[in-house]
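Novice: Going from the sequence shown to my numbering is simple: count from 1 and add 20.
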Amino acid sequence: MAEDFPFEISPMFEGERIRKNDMYVELSGPKSIGFELVKAAEMDDVVDGKFNMIGPDIQDMEEGGRYPFAMIYKIAGELVEEDLESIVERRNHDFQNYIQGLMHLNQRYDVWVRLSKEAVEKGVTSFESIAQAIMMLFKNELPFIEKVEATYITDRDEIEKLMDEAKAKYKARDDRTRNLHDEDVDTFYGCTLCQSFAPSNVCVITPDRISLCGAINWFDGRAAAKVDPEGPQFAIPKGDVIDEEAGEFTGVNETAKSLSSGEYDRIKLHSFFDCPHTSCGCFEVVGFYIPEVDGIGWVDRDYTDSAPNGLPFSTMAGQTGGGKQISGFLGIGINYFRSPKFIQSDGGWERVVWMPKHLKDRVADDIPDDIADKIATEEDVSDLETLKDFLKEKNHPIINRWEEEEEEEAVEEQETPQQAAPAMQMPASMPMNMPAMPTSGSGGVKVILKNAKVSVDKIIIKKNE
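(1) Mapping the DSSP letters down to three states, classify Lys344 as helix, strand or coil.
(2) So, with DSSP's three-state summary, where would you put Arg39?
(3) With H, G and I counted as helix, E and B as strand and the rest as coil, what does DSSP make of Asn117?
(4) Inspect the beta-carbon positions of Pro163 and Gly343 and report whether they are closer than 8 angstroms.
(5) Mind the definition here: the region 36-50 touches the region 137-151 only if three or more C-beta pairs lie below 8 angstroms; say whether that holds.
(6) Put Val272 into one of helix, strand or coil per three-state DSSP.
(7) Just list the beta strand (DSSP E) runs in the region 219-303, keeping only unbroken ones of 3 residues or longer that don't cross its boundaries, in chain order.
(8) Terminal residues of the continuous alpha helix (DSSP H) containing Val140?
(9) Which same chain residues, not among the five before or five after Pro103, have their C-beta less than 8 angstroms away from its C-beta?
(10) Can you find the residues in the same chain that come closer than 6 angstroms, C-beta to C-beta, to Ile107, ignoring five residues on each side of it along the sequence?
(11) Using 8 angstroms as the threshold, is the region 51-70 in touch with the region 167-177, meaning 3 or more CB pairs across them?
(12) State the CB to CB distance for the pair Phe303 and Ala327, rounded to an integer number of angstroms; the pair is presumed to be in contact (CB under 8 angstroms).
(13) Would you call Asp130 buried or exposed, if buried means 16 or more other Cβ atoms sit within 10 Å of its Cβ?
(14) To the nearest angstrom, how far is the alpha carbon of Thr406 from that of Val372?
(15) How far does the alpha helix (DSSP H) with His124 in it extend, from its first residue to its last?
(16) Indicate the three-state DSSP secondary structure (helix, strand or coil) for Asp24 in the structure shown.
(17) State whether the region 120-127 contacts the region 90-104, with contact taken as three or more CB pairs (one from each stretch) at a distance under 8 angstroms.
(18) Please go through the region 150-180 and give each complete beta strand (DSSP E) segment of 3 or more residues, from N-terminal end onward.
(19) What's the call for Arg198, buried or exposed, on a 16-neighbour Cβ count within 10 Å?
(20) Comparing C-alpha positions only, which one of Gln345, Asp409, Phe147 sits nearest to Met73?
(21) Applying the 10 Å Cβ sphere with the 16-neighbour rule, what's the burial state of Ala392?
(22) Exposed or buried, what is Ser449 when buried is set at 16 or more other beta-carbons lying within 10 Å of its beta-carbon?
(23) Using DSSP's beta-bridge definition, name the partner residues of Trp132.
(24) Please check the pair Asn355 and Gly234, which I expect to be a contact at CB under 8 angstroms, by giving their CB distance rounded to whole angstroms.
(25) What's the gap between the Cα of Ser291 and the Cα of Trp369?
(26) When we look at the beta-carbon of Thr340 and count the other beta-carbons within 10 Å, is it buried (16 or more) or exposed?
(27) DSSP beta-bridge partners for Gly317?
(28) Should Glu312 be labelled buried (16 or more other beta-carbon atoms within 10 Å of its own) or exposed?
(29) Glu87 bridges to which residues according to DSSP?
(30) How about Arg193 and Asn237: do their beta carbons lie closer than 8 angstroms?
(31) With burial defined as no fewer than 16 other Cβ atoms inside 10 Å of the residue's Cβ, what is the status of His378: buried or exposed?
(32) What first and last residue would you give for the beta strand (DSSP E) that runs through Asp406?
(33) Please classify Ser299: is it buried, with 16 or more other beta-carbons within 10 angstroms of its beta-carbon, or exposed?
(34) Buried or exposed: Gly353, going by 16 or more other Cβ atoms within 10 Å of its Cβ?
(35) Look at the Cβ atom of Asp366, then the Cβ atom of Phe293, and state whether they are nearer than 8 angstroms.
(36) Would you call the CB atoms of Thr207 and Pro252 closer than 8 angstroms?
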């Protein structure tokens, strides 16, 4: 049946990137609006294989244009239930990327799609061929789906009208885990859907930690593993507790080591700095360490300006993604902000110093009352200097960390005798020009590197003539 389509369909096309110069049209994404939604329905309410188009089709679009875009799938079957909606929804990401010349990124209302010029030249002139391919893959790969109907929308007014309904659906799914926590279960769930873009990433989904994309919670993972045991969502035995506060478990470590091909062998689910969870690329929010204030900022895809560290989301996302454990950056799903275990081993909310206002407003009910007005937004600060002033003015708890560090430094200075400086033991590499250091005399030199990760390719020592 695949030969009936004007494109190739294969997992080999996962990870295909369509750059701006090769793009025919861009759909939804950071500069437009859109969403994807799967709805469980009764058998009589679904016309199997039917495609509905609302708004201009591909053949009506201008080359190089950007359009709003929504995809709605109704699914039905004897085993279909609401718990499976988000799983099927997330597989849309998988299957869209099976299509040569089509790039699908992110999820929910962050969905971002590009269609290549080459695909249009080969005959992809209607969304119907794409929708029919996706519906075929849904039924072939997820046999519990007996009937499926697709509606694609490019009319902005219609998308805006349906957006509230979609967001309400997402929220209802997320709220289900409110009263369930990691200690209440013996099994977590894993997801490797993003390994086409991040080969070593293993997303660990627990009651207290939603998937990085924000689309799959613990109940969703359980439902997916039940109906599709060989699929990309699977059970992870929790195993023994190694570090309860940081969220480290033997079962999670064993699974991570196996599925990352040994890239890493430890994950601390609720840690920002020490063996943090890996970040794929579909995460909703990226956290970033700000050494100048020893605090953590968070920025989401909808914020287009630069954060106080001078970097926009796109730059930090590029640094964070790829399935690595990156010191100083961390990708998360927005619902993780609502977890009582939110980065608890590194201070939790008391370590948070900055967020975009719209993101802060979105999770306002879950920010502790005593810290809420002490977290800065773009309306309060513009750079690191004004951020520091704001934190002092608001008496943010992070100030206590500054005072503790200053006291430690004072003690170190008192205990350090004035003597000849020993030969320096240089770390692997240092990306800076070090000043000449005395090797004799009574002055001595003290070098303090705080929260530094340094490396050098070569050190050349020359004798002064």
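For glycine and all other residues, C-beta sits at the position ideal for the given N, C-alpha and C.
Specialist: Let's see:
(1) When secondary structure is reduced to three states using DSSP, Lys344 falls in the strand class.
(2) coil
(3) coil
(4) no
(5) Note that the region 36-50 touches the region 137-151; at least 3 beta-carbon pairs, one per stretch, sit closer than 8 angstroms.
(6) Note: Val272 maps to helix in three-state DSSP.
(7) 223-225, 253-257, 261-263
(8) 137-141
(9) The sequence given here places Asp at residue 103; Pro does not occur at that position. The residues are Phe239, Asp240, Arg242, Ala243.
(10) Asp240, Ala244
(11) yes
(12) Incorrect: roughly 15 angstroms between the Cβ atoms, too far for contact.
(13) buried
(14) 16 angstroms
(15) No alpha helix (DSSP H) contains His124, which is instead part of the beta strand (DSSP E) from 122-125.
(16) Assigned with DSSP and collapsed to three states, Asp24 falls in helix.
(17) Touching, no.
(18) Runs found: 167-173.
(19) exposed
(20) Phe147
(21) Counting of Cβ neighbours within 10 angstroms places Ala392 among the exposed residues, the total staying below 16.
(22) Caution is warranted here: a pLDDT of 33 is assigned to Ser449, below 50, making its placement in the model unreliable, and the coordinate value is therefore given only provisionally. Answer is exposed; the Cβ neighbour count stays below 16.
(23) Ser48, Leu125
(24) Under the criterion of beta carbons closer than 8 angstroms, Asn355 and Gly234 qualify as touching, at roughly 6 angstroms.
(25) 12 angstroms
(26) buried
(27) Phe308, Trp374
(28) exposed
(29) Here residue 87 turns out to be Tyr, not Glu, going by the sequence shown. DSSP, once it has assigned bridges, lists Leu47 as partnering Tyr87.
(30) yes
(31) Answer is exposed; the Cβ neighbour count stays below 16.
(32) Contrary to the premise, residue 406 reads as Thr rather than Asp in this sequence. Element bounds for Thr406: not the beta strand (DSSP E) but the alpha helix (DSSP H), 404-414.
(33) Ser299 should be labelled buried.
(34) It counts as buried.
(35) In contact: Asp366 and Phe293 (Cβ atoms closer than 8 angstroms).
(36) no
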